[in-house]
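Take a look at the structure below.
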Amino acid sequence: MLGWSEGGQRRGDVSLTYHRLNIPSTTRLVRVKGHLVSDMANPLRGEVIRLYKNLLYLGREYPQGSAYFRERLKSAFMKNKDVTDPEKIKKLVARGDFVIKELEALYFLRKYRAMKKRYYEPEK
Amino acid sequence: MSGRVLVGVKRVIDYAVKIRVKPDNSGIVTDGVKHSMNPFCEIAIEEAVKLKEKKLIKEVVAVSCGPQQSQETIRTALAMGADRGIHVEVTGKDYEALGPLQVSKIMAALAKKEDAQLIILGKQAIDDDCNQTGQMTAALLDWPQGTFASEVALEGDKVKVVREIDGGLETIKINTPAVVTADLRLNTPRYATLPNIMKAKKKKIANMKPADLGVDLTSRLEVLRVDEPPQRQAGVKVETVEDLVGKLKEAGTI
Chain A
19 MLGWSEGGQR
29 RGDVSLTYHR
39 LNIPSTTRLV
49 RVKGHLVSDM
59 ANPLRGEVIR
69 LYKNLLYLGR
79 EYPQGSAYFR
89 ERLKSAFMKN
99 KDVTDPEKIK
109 KLVARGDFVI
119 KELEALYFLR
129 KYRAMKKRYY
139 EPEK
Chain F
2 MSGRVLVGVK
12 RVIDYAVKIR
22 VKPDNSGIVT
32 DGVKHSMNPF
42 CEIAIEEAVK
52 LKEKKLIKEV
62 VAVSCGPQQS
72 QETIRTALAM
82 GADRGIHVEV
92 TGKDYEALGP
102 LQVSKIMAAL
112 AKKEDAQLII
122 LGKQAIDDDC
132 NQTGQMTAAL
142 LDWPQGTFAS
152 EVALEGDKVK
162 VVREIDGGLE
172 TIKINTPAVV
182 TADLRLNTPR
192 YATLPNIMKA
202 KKKKIANMKP
212 ADLGVDLTSR
222 LEVLRVDEPP
232 QRQAGVKVET
242 VEDLVGKLKE
252 AGTI
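Just so you know, the protein sequences line up as chains A and F, in that order. Letter 69 of the first sequence, counting from 1, is numbered 87 in the working numbering, and no numbers are missing. Letter 130 of the second sequence, counting from 1, is numbered 131 in the working numbering, and no numbers are missing.
Here is the structure:
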């Protein structure tokens, strides 16, 4: 991570940080554990965490059980934890979004087929 | 026209759960059992939200009658796109006796109070399978009804409804305000994802009691007994085709 500032800086000193670290003022700075840090290294961190939470939420309804799903979800994310290339991360996140769509389709089809079987005459 | 649509959503035992009858045959086990929104109610909400997205109506109000947990069902409806919710609190013995008659009285009172243009309900609930609430609500309000809808189209101050009936499909045109009940093929309900649930937390759910609406909840029905359906007879295995033919002849089927 580039651009660690001295700890415990006041909020008003953000502009000084840009100057001191000699980084363009367009770089986003975020506060991590009291330090101002450049977000350039992992701007996708938020997206990855969001993806994980969304998948975890969807996994509650998984046919083989939410514990089963959670195990596999965790190991799938852990397998890629050292990936740093933003392009690769974006591709993996896109794959995660695709899995979300597949799960939604799975849940819909299961429900639709169950309702059709219970409430409608089989088509001749 | 107010452009407001009321959608009733019911909290039922999840469709995938295996139902168990209580040992004393007084009812079914509900404690600790997974509940979710009735699948036909999901279709009703989806239709209302679709109408709003097409800018044909202005506001979708999700209504649920039941105990505190009914609010979760309303939250799901809000996550699917409803604008606000109304929770009509019914608990204890009143909740056990709550059926289509009581709910339709509540829906009728709310429709007048909220000046609703349209009421969309699921055609039936998967727990009691009554298929009555929509019809009763329309009768109480003296509104036309389009039930078992597989297609709904708003045309000015009228609604065109394609209904699934035994013989096939029937297309009717009814005046608004009206009651429509949703059938399976009406639409594909969207999934209430986590981001949508988070966004829906800002939406309001109003709380009220049936007494506030002047509704009497007395039931005219009494549940005497609940039993499991008869067990399926075990199948018989046969060795040869001749055996099969013999058995079928015995059973009188050929």
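Don't be surprised by glycine CBs; every beta carbon is placed ideally from N, CA and C.
Once you ignore the five residues that flank residue i on each side, which residues in its own chain have a CB closer than 6 Å to its CB?
i: Asp-158 (chain F); result: Thr-177
i: Ser-151 (chain F); result: Val-163, Glu-165, Asp-184, Arg-186 and Leu-187
i: Lys-55 (chain F); result: none
i: Val-104 (chain F); result: Cys-66 and Thr-134
i: Ser-37 (chain F); result: Asp-15
i: Thr-92 (chain F); result: Pro-68
Considering just the uninterrupted stretch of the beta strand (DSSP E) at residue i, what are its terminal residues?
i: Ile-173 (chain F); result: 169-176
i: Met-38 (chain F); result: 36-38
i: Ile-127 (chain F); result: Neither: Ile-127 (chain F) is in no beta strand (DSSP E) and is coded neither H nor E.
i: Ile-20 (chain F); result: First-last for Ile-20 (chain F): undefined, no H or E at that position.
i: Lys-9 (chain F); result: Looking at the sequence itself, residue 9 (chain F) is Gly, so the reference to Lys does not match. Per DSSP, Gly-9 (chain F) belongs to the beta strand (DSSP E) from 5-9.
i: Glu-165 (chain F); result: 159-166
i: Val-30 (chain F); result: Per DSSP, Val-30 (chain F) belongs to no beta strand (DSSP E) and is neither H nor E.
i: Val-180 (chain F); result: 179-183
With 16 as the cutoff for other CB atoms within 10 Å, does residue i come out buried or exposed?
i: Val-216 (chain F); result: buried
i: Glu-79 (chain A); result: buried
i: Asn-144 (chain A); result: Nothing about residue 144 (chain A) can be reported from this structure: the residues present for chain A run from 19 to 142 only.
i: Val-34 (chain F); result: exposed
i: Gly-25 (chain A); result: Below a pLDDT of 50, predicted positions are generally treated as unreliable, and Gly-25 (chain A), at 48, falls in that range; the measurement from the model is reported next regardless. That one is exposed.
i: Asn-39 (chain F); result: buried
i: Ile-67 (chain A); result: exposed
i: Lys-200 (chain F); result: exposed
i: Lys-129 (chain A); result: buried
List the endpoints of the continuous alpha helix (DSSP H) containing residue i.
i: Gly-247 (chain F); result: 242-252
i: Gln-103 (chain F); result: 101-115
i: Phe-66 (chain A); result: For the sequence presented, residue 66 (chain A) should be read as Val rather than Phe. Segment 63-76, the alpha helix (DSSP H) holding Val-66 (chain A).
i: Thr-134 (chain F); result: 134-142
i: Gly-93 (chain F); result: 93-97
For residue i, which residues of its own chain have a beta-carbon under 7 Å away from its beta-carbon, when the five flanking residues on both sides are left out?
i: Leu-76 (chain A); result: Ile-118 and Leu-121
i: Val-239 (chain F); result: Leu-245 and Lys-248
i: Ser-71 (chain F); result: Arg-12, Ser-65 and His-88
i: Phe-95 (chain A); result: Tyr-70
Given residue i, which residues of its chain have a CB within under 8 Å of its CB, disregarding the five upstream and five downstream residues?
i: Ala-117 (chain F); result: Ser-3, Arg-5, Val-6, Leu-7, Val-62, Leu-111 and Pro-178
Exercise for the section: Taking only runs that begin and end inside the stretch 82-125 of chain A, name each unbroken alpha helix (DSSP H) of 4 or more residues, in chain order. Expected result: Listed in chain order, the complete alpha helix (DSSP H) runs (minimum 4 residues) inside the stretch 82-125 of chain A are 84-97.
Problem - Interface residues of the stretch 189-212 of chain F facing chain A [CB-CB below 9 Å] - result: From the stretch 189-212 of chain F, only Thr-189, Pro-190, Arg-191, Tyr-192, Thr-194, Leu-195, Pro-196 and Ile-198 have a Cβ closer than 9 Å to chain A.
Practice task
Taking only beta carbons into account, state which residues of the stretch 19-44 of chain F come closer than 7 Å to chain A, listed in chain order.
Solution key: For the stretch 19-44 of chain F, the beta-carbon criterion of a distance under 7 Å to any beta-carbon of chain A is satisfied by Pro-40.
Practice task
Write down every uninterrupted run of the beta strand (DSSP E) in the stretch 35-86 of chain F whose length is 3 residues or greater and which is fully enclosed by it, in chain order.
Solution key: Correct list: 36-38 and 60-67.
Exercise for the section: Check distances from the C-beta atoms of the stretch 167-186 of chain F to those of chain A and list, in chain order, the residues that come in under 8 Å. Expected result: Going along the stretch 167-186 of chain F in chain order, one finds Leu-185 with a Cβ nearer than 8 Å to chain A.
Practice task
Using a Cβ-Cβ cut-off of less than 7 Å, list which residues of the stretch 73-100 of chain F approach chain A; keep chain order.
Solution key: Residues passing the 7 Å Cβ filter: none.
Handout entry: chain F contacts made by the stretch 123-134 of chain A, where a contact means CB separation under 8 Å
Key = So the list reads Tyr-125, Phe-126, Arg-128, Lys-129, Tyr-130, Ala-132, Met-133 and Lys-134, given in the order they occur along the chain.
Handout entry: Ranges of the alpha helix (DSSP H) found wholly within the stretch 194-235 of chain F, counting only runs of at least 4
Key = Listed in chain order, they are 195-201.
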